[in-house]
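Asker: Can you keep this structure in mind? I'll have questions shortly.
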Amino acid sequence: MKIDTITIFPEYFAPLQLSLIGKAQERGIVEVGIHDLRSYTSDNHHSVDDTPYGGGAGMVMKPEIWGAALDPLMTKESDLIILTPAGRKFDQPMAHELAQATHLVFACGRYEGIDARVGQHYAAKGFRVHEVSIGDYVLGGGEVASLVMIEAIARLLPGVLGNPESLVEESHVQEGFLEYPNYTKPPTWRDIAVPEILLSGNHAAIAQWRAEQARIRASEGL
Ligand code: 6GU
368 MKIDTITIFP EYFAPLQLSL IGKAQERGIV EVGIHDLRSY TSDNHHSVDD TPYGGGAGMV
428 MKPEIWGAAL DPLMTKESDL IILTPAGRKF DQPMAHELAQ ATHLVFACGR YEGIDARVGQ
488 HYAAKGFRVH EVSIGDYVLG GGEVASLVMI EAIARLLPGV LGNPESLVEE SHVQEGFLEY
548 PNYTKPPTWR DIAVPEILLS GNHAAIAQWR AEQARIRASE GL
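The numbering used here runs 367 ahead of the 1-based position in the sequence shown.
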């Protein structure tokens with residue numbers, strides 16, 4: 368999978384060199400390109416935003432700059448993701464859906480967002496355009512939101528996770544069952560003992576206990 372992100376803060380994407388996605392890049396499973404929106408400006412001040420038509424607070428990102436940045440990236444294979452708190456809520460099914468894509472282009476808006484004609488234009492040209500939010504709170508921009516999405520999507524790609532069984536087990540999370548509590552050594556830590564059943568070696572009883580614990584967590588809304 369090819370992933371491109373366009374941003375005025377390329378430094379935000381340094382974590383993509385680490386851990387899971389860093390390794391996936393080394394292995395050639397994903398290739399990430401980071402593009403500085405300001406390099407597509409042509410004025411002396413490198414301005415990317417302007418005042419909103421109709422008045423009001425804040426600034427809106429200029430469509431010409433976004434067009435200049437997106438045109439060379441977009442192909443028939445591309446899905447354009449515009450990050451905005453007004454978008455469709457990102458969730459695990461959407462992560463699975465986008466993990467099937469060949470090329471994802473993330474447009475990270477700042478200020479009050481990107482001129483609405485940008486998404487409209489690429490949709491009218493026949494591109495797949497998704498306006499996406501990661502949750503019901505407001506961030507300073509789409510950078511962190513796109514990092515969240517990239518991590519959730521990349522770990523679903525074949526060969527990224529060392530242990531694909533964890534993907535099978537977590538499918539229960541997607542089905543509305545929340546996970547059971549996990550423990551490792553030592554058997555007692557600060558006077559708290561690991562539930563004895565987990566040390567019993569009785570796999571059927573352990574599976575039953577875990578299912579029950581997951582049900583309790585779900586019913587408590589944890
Ligand atoms: Cl995608 N952008 C911003 N600015 N805030 C958000 C968001 C996106 N998702 C949740 N909050």
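Note that the Cβ used here is the ideal one computed from N, Cα and C, for glycine as well.
Quick one: using the 10 Å Cβ neighbour count with 16 as the cut-off for buried, is LYS429 buried or exposed?
Answerer: buried
Asker: In chain order, what residues of the same chain lie with their CB nearer than 7 Å to the CB of TYR478, ignoring the 5 residues before and after it?
Answerer: ASP416, GLY425, MET426, VAL427, MET428
Asker: If LEU534 sits next to HIS463, beta carbons under 8 Å apart, how far is it from one beta carbon to the other, in whole angstroms?
Answerer: Distance from LEU534 to HIS463 at the Cβ level is roughly 10 Å; contact not present, criterion being Cβ atoms closer than 8 Å.
Asker: Determine the extent of the beta strand (DSSP E) in which GLU518 is found, giving its start and end residues.
Answerer: From DSSP, GLU518 is part of no beta strand (DSSP E) but of the alpha helix (DSSP H) over 509–521.
Asker: Tell me whether GLY508, by its Cβ, gets closer than 7 Å to a heavy atom of the ligand 6GU.
Answerer: yes
Asker: Nearest to MET461 by CA position, among GLN384, LEU383, MET516, GLY400, is which residue?
Answerer: Residue MET516 is the option with its Cα nearest to MET461.
Asker: Quick check: the stretch 525–532 against the stretch 483–501, are there 3 or more CB pairs under 8 Å?
Answerer: no
Asker: Distance check for GLU587 and PRO562, CA to CA, integer angstroms please.
Answerer: 20 Å
Asker: Between which residues of its own chain and THR451 is the CB-CB distance below 8 Å, once the five residues before and five after are set aside?
Answerer: GLY476, GLY480, ILE481, GLU498, VAL499, SER500, GLY509
Asker: Ignore the nearest five residues each way along the sequence and tell me which others in ALA519's own chain have a CB closer than 7 Å to its CB.
Answerer: ALA462
Asker: In three-state DSSP terms, what is PHE376?
Answerer: coil
Asker: Roughly how far, in whole angstroms, is the beta-carbon of ALA391 from the beta-carbon of ALA521, given that I think they are within contact range, below 8 Å?
Answerer: 6 Å
Asker: Identify every run of the beta strand (DSSP E) within the stretch 455–493, keeping only runs that are complete inside it and at least 3 residues long; order them along the chain.
Answerer: 470–475
Asker: When burial is assigned at 16 or more other CB atoms within 10 Å of the CB, is LEU447 buried or exposed?
Answerer: buried
Asker: Which value, in whole angstroms, describes the spacing of the CA atoms of PRO554 and LEU565?
Answerer: PRO554 and LEU565 have their C-alpha atoms roughly 10 Å apart.
Asker: Going by the beta-carbon positions, is the gap between TYR379 and LEU437 smaller than 8 Å?
Answerer: no
Asker: To the nearest angstrom, how far is the alpha carbon of GLY422 from that of ALA483?
Answerer: 15 Å
Asker: Go ahead and pull the three-state DSSP assignment for LYS369.
Answerer: When secondary structure is reduced to three states using DSSP, LYS369 falls in the strand class.
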